[in-house]
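Colleague:
Numbering (my numbering), first residue to last: 59 to 683.
1. Ordered along the chain, which non-local residues of its own chain (more than five positions away) have a Cβ less than 6 Å from that of residue 527?
2. Does the Cβ-Cβ distance between residue 366 and residue 422 come in under 8 Å?
3. For residue 315, list the residues DSSP reports as bridge partners.
4. Where residue 219 and residue 637 are concerned, what is the direct C-alpha to C-alpha distance, given to the nearest angstrom?
5. Quick check: what's the CA-CA separation for residue 386 versus residue 301?
6. Closest to residue 91 by C-alpha separation, out of 442, 249, 143 and 183, would be which residue?
7. Taking one C-beta from the region 302-310 and one from the region 335-352 each time, how about it: are there three or more such pairs within less than 8 Å?
8. Let me see if you follow: with CB-CB separation under 8 Å, is residue 259 close to chain D or not?
9. Does residue 98 come out as helix, strand or coil in the three-state DSSP assignment?
10. In three-state terms, what does DSSP make of residue 502?
11. For residue 77, which residues of its own chain have a beta-carbon under 6 Å away from its beta-carbon, when the five flanking residues on both sides are left out?
12. Residue 159: buried (16+ other C-beta within 10 angstroms of its C-beta) or exposed?
13. Under three-state DSSP, which class holds residue 339?
14. In angstroms, rounded to a whole number, what distance separates the CA positions of residue 377 and residue 451?
15. May I ask which residues mark the beginning and end of the alpha helix (DSSP H) holding residue 646?
16. Within 10 Å of its beta-carbon, does residue 244 have 16 or more other beta-carbons around it, so buried, or fewer, so exposed?
17. What is the residue span of the alpha helix (DSSP H) that residue 188 lies within?
18. My assumption, with CB atoms under 8 Å, is that residue 249 sits in contact with residue 286. Please give the rounded CB distance.
19. With a 10 Å radius around its C-beta and 16 neighbouring C-beta atoms as the bar for buried, classify residue 524 as buried or exposed.
20. Please report the Cβ distance between residue 142 and residue 84, rounded to the nearest whole angstrom; I am assuming they are in contact, meaning their Cβ atoms lie under 8 Å.
21. Can you check whether the CB of residue 521 is closer than 8 Å to the CB of residue 555?
22. Between which two residues does the beta strand (DSSP E) holding residue 523 run?
23. Helix, strand or coil: how does DSSP classify residue 134 here?
24. Tell me which residues share the same chain as residue 605 and place their Cβ nearer than 6 Å to its Cβ, disregarding the 5 neighbours each side in the sequence.
25. Closer than 8 Å by C-beta to residue 571: which residues in its own chain qualify, once you throw out the five before and the five after it? Chain order, please.
26. Please classify residue 417 as buried or exposed, where buried requires at least 16 neighbouring CB atoms within 10 angstroms.
27. Could you tell me which residues DSSP pairs with residue 409 in its beta bridges?
28. So, with DSSP's three-state summary, where would you put residue 531?
29. Just tell me which of 599, 551, 470 and 225 has its CA closest to the CA of residue 495.
30. Specify, as a first and last residue, the run of the alpha helix (DSSP H) that residue 152 falls within.
31. Per DSSP, which residues does residue 436 bridge with? Please list them.
32. Output the boundary residues of the beta strand (DSSP E) element that contains residue 279.
33. When DSSP builds the beta bridges, which residues end up paired with residue 294?
34. If I'm right that residue 433 touches residue 411 with Cβ under 8 Å, what's the distance once you round it to whole angstroms?
35. By DSSP, does residue 495 sit in helix, in strand, or in coil?
36. When the Cα atoms are used, what is the spatial distance from residue 197 to residue 424?
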């Protein structure tokens, strides 16, 4: 039941503030709301259509236009017309180095922030600022159409967006004047739009296949009792319909024998070819051949024939489509499911209109995919439903997402101690207790990592901070709780507290730049490929750490309590310590463990002897009744 607000002073009904759902897409963006009939609806500002091209153009004065008004400048002023900015959100220059030449505008490295910036005219803009302009256009469109202020929103992102990219999206919303209530995974929003599982008696497992203009995600969702639980996600934020367009462009370049130097000097021609390729892709969804002649103003080129058959198009995109199918299999593996466990498949994203994509997905899953809802609108519609949930108007749905990579801290020897495992449900909280390794240690450095390898050197460092002011105590006495809290937006908060003193330190982690999904996938592959060697390395490091701690403890014992040993015992103890030190200098785990056991066995009676002395002194002069 929807909430009703009443002005207590006048007794009149107050109009509810509308919370919109926004699909901030790579190619197009949309904004939706729940209409008076309680149905999700994409906002259509009169004369502007449903889709807002995710394009920003800057004129010579630095003034910006967004959407369709900007799209026309892709050919006439390509260097000042920014498209596919979503690909750059939360990215470093290194991340996009292999792709920057596909953009007609200039991307530069901002050394001060480790993030990319885009040059337009004599000014420089961050991807967050540019995304903010697109979101502002959507906000203005919604306010114009609905005749009411719009200040709060739910924004969707690809399921594989990491912490930095999610935070960048939230920051862009703030720049647009929006209070971003929730960052929601696009596949999760799409499942809501289809309403699969809204019947609380239904139990289903579905696959959401989302292939947009620049990103791809597949999510495996379990739906039970109205709860949408993401079992696993996989994808690639650098794979989508844009890649199909590029494949066609490169094919035409080869067919027309166009000199790369001519293209490099004519950015407008490259954009013209890209737009023609997009038109060809759309046409080949309903016809078998696309054939057009392009008249160029470049005397070195003259006419360019833009011709391609559907068969050739499918041949060009086959490897990219297969990458998406491989990701589907990886997601199933992560979810510990087989293809037969999937009850339904949902298609999302404009690129799923390509017949070859539908065929391959249907063949892989052995099911006819759902594609009844306009694939361009489905995510925005789902975001509007999520906004309605957050407004308190729906209580029959609960969304649970997962984190794509494990999160943990560095422990002694450079080992990764996982606190939140990969594919844990979000939001989540987990923690562990640690202690000091040295006597009198008053500070503890906490380094947070993301990844699947046993060694932190092979994982990605997210942040580092110091817990200061730990009371000076013998090693092992302080008790430090380290808690990880991952919220629904995928933003991580790490808290460390020393329990005896109450000393506490906390940090919200927003990494300096993003992690590409090619890297995510490679990290997962590496964790499997190197599993055996990683385990062996971990066992060696653990043996060394234990051995080093034992040497430290034994030497401290002799230093402080040598009076309980005879000269012979002291000499032999030092010999055992030396033998363990020699073993520690090697990479032979078994030898380290053997020498550690020998030292332990030899010195055990000394600890018992010291305890007896302590008890005897404590009882001196006392009688037992």
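Every residue, glycine too, gets a C-beta built ideally from N, C-alpha and C. Since this is a predicted model, take the numbers as computed values, not measurements.
Modeller: According to the structure data:
1. 561
2. no
3. Paired residues: none, contrary to the question.
4. 51 Å
5. 19 Å
6. 442
7. yes
8. Of the protein chains in the structure, only one exists, and it is not chain D.
9. strand
10. strand
11. 210, 445 and 449
12. exposed
13. helix
14. 44 Å
15. Looking at the DSSP string, residue 646 is not in any alpha helix (DSSP H), and its letter there is neither H nor E.
16. buried
17. 185-204
18. 6 Å
19. exposed
20. 5 Å
21. no
22. 518-526
23. helix
24. 638, 642, 650 and 654
25. Its pLDDT being 41, under 50, residue 571 is placed unreliably in this model, and the coordinates cannot settle the point.
26. exposed
27. Beta-bridge pairing links residue 409 to no other residue.
28. coil
29. 470
30. 151-154
31. DSSP output for residue 436 lists no bridge partner at all.
32. 274-282
33. 274
34. 6 Å
35. coil
36. 41 Å
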